[in-house]
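All remarks here apply to the structure that follows.
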Amino acid sequence: MPLEDYRHKRKFAETPEPKGRRRRGSSKDIFVVQKHAASHLHYDFRLAISGALVSWAVPKGPSMNPADKRLAIRTEDHPLEYAEFEGVIPEGQYGGGTVMVWDTGQYQPLDGVSASEQLARGKIDVMLHGTKLRGGFTLLRTGMVSHKERWLLIKQRDEYAVSSWDVESSSLDRSALTARSMKEIENGRLKRARRLGQPHV
Numbered sequence: 007m008p009l010e011d012y013r014h015k016r017k018f019a020e021t022p023e024p025k026g027r028r029r030r031g032s033s034k035d036i037f038v039v040q041k042h043a044a045s046h047l048h049y050d051f052r053l054a055i056s057g058a059l060v061s062w063a064v065p066k067g068p069s070m071n072p073a074d075k076r077l078a079i080r081t082e083d084h085p086l087e088y089a090e091f092e093g094v095i096p097e098g099q100y101g102g103g104t105v106m107v108w109d110t111g112q113y114q115p116l117d118g119v120s121a122s123e124q125l126a127r128g129k130i131d132v133m134l135h136g137t138k139l140r141g142g143f144t145l146l147r148t149g150m151v152s153h154k155e156r157w158l159l160i161k162q163r164d165e166y167a168v169s170s171w172d173v174e175s176s177s178l179d180r181s182a183l184t185a186r187s188m189k190e191i192e193n194g195r196l197k198r199a200r201r202l203g204q205p206h207v
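Residues in the sequence shown are numbered consecutively from 7, following my numbering.
See the structure below:
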């Protein structure tokens, strides 16, 4: 999906979101999960692939429990700069609401196949090195819904998997970039600006 779709939906004179100017191939294999309090609270799962953040909206958020198969709806690609976007999208703008960088780090494609090839075939296996999400994850395309690709986000069974997981747990519900809560981001508070910790590698 080209970034034209992303840009067409936004009025950059009115939203603080990045327009996107970084050249293709200028990013490492990063991932980001952003908690997004839009009209419906959800989590946006993004992988840097071929110079853009390939994105999925995950209504119930990611899980470290392999028994949880999370619905993930493919959305428009976002610019690489969006990985560091945290703030408030004004009401009335596309996706209006508070955005938190809930987790971020690097990822590795598994099985010796590039992420772009895996995306094309409809099954992505990656190892995440985040502050909250760690270990193997699978994204599996299952069909279409309302002209959008429907996928499942599933934790793989490994040493990082857990049998009990609450994405809304208070111990998890702060920014991986600034340690702020959603309310602090909404209010523009910066006094807690510090990293929760470096991504695990």
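Ideal placement from N, C-alpha and C gives every residue a C-beta, glycine not left out.
Fair warning: this is a prediction, and the values are worked out from it, not measured in the lab.
Exposed or buried, which one is residue i when buried takes at least 16 other CB atoms within 10 Å?
i, result
"D109", "buried"
"Q204", "Note that Q204 has pLDDT 47, beneath the 50 cutoff, so the model's placement of it is unreliable and no number is given."
"S175", "exposed"
"E23", "buried"
"I191", "buried"
"R198", "Residue confidence for R198 is low, a pLDDT of 41 falling below 50, so the modelled location carries little weight; the figure read from the coordinates is stated next. Exposed, because fewer than 16 other Cβ atoms sit within 10 Å of the Cβ of R198."
"S181", "buried"
"K17", "exposed"
"R195", "exposed"
"R200", "Note that R200 has pLDDT 42, beneath the 50 cutoff, so the model's placement of it is unreliable and the number below is only indicative. Classification for R200: exposed."
"V173", "buried"
"P8", "exposed"
"H14", "exposed"
Taking the alpha carbon of residue i as the reference point, which residue from the options has its own alpha carbon closest?
i, options, result
"G142", "E155, K161 and K129", "K161"
"N193", "E92, R80, L9 and R27", "E92"
"L165", "R27, T144, N71 and A185", "Per the sequence shown, the amino acid found at residue 165 is Glu instead of Leu. Comparing Cα positions, the closest option is N71."
"R127", "Q114, G101 and T144", "T144"
"D38", "G149, V119 and G67", "Just to set this straight, residue 38 is Val in the shown sequence, not Asp. Among G149, V119 and G67, the Cα nearest to that of V38 belongs to G67."
"R213", "E10, H42, R76 and K15", "As shown, the chain starts at 7 and ends at 207. That puts residue 213 outside it, with no answer to give."
"V151", "I79, Q114, S181 and R163", "I79"
"R163", "A44, S181 and A73", "A73"
"T148", "K15, A19 and L77", "L77"
"V64", "E155, G118, R195 and L116", "E155"
"S69", "S169, H153, L86 and R16", "S169"
"G98", "D179, W171, S45 and R195", "S45"
"T21", "D50, I95, Y12 and E87", "I95"
"K129", "L159, R195 and E87", "L159"
"L183", "H14, L86, Q40 and A19", "Q40"
"F51", "K15, Y100, R13 and Y113", "Y113"
So residue i and residue j are in contact, right, with Cβ under 8 Å, and what is the actual spacing, rounded?
i, j, result
"S61", "E82", "7 Å"
"W157", "L146", "6 Å"
"D35", "A89", "No, D35 and A89 are not in contact; Cβ-Cβ is about 12 Å, not under 8 Å."
"L47", "L53", "That pair is no contact at about 22 Å."
"H42", "G101", "7 Å"
Name, in chain order, the residues that DSSP records as bridge partners for residue i.
i, result
"D131", "T144"
"H42", "H48 and V105"
"E155", "M150"
"Y100", "In the DSSP output, where bridge partners are listed per residue, Y100 has none listed."
"W2", "Coverage of the chain is limited to positions 7 through 207, which leaves residue 2 absent and any answer about it impossible."
"I36", "Q112"
"V94", "T104"
"K161", "F143"
"K5", "Any question about residue 5 goes unanswered here, given that the chain covers just 7 to 207."
"K75", "I160"
Legend entry - Given 8 Å, three or more beta-carbon pairs between the stretch 99-107 and the stretch 129-138: no
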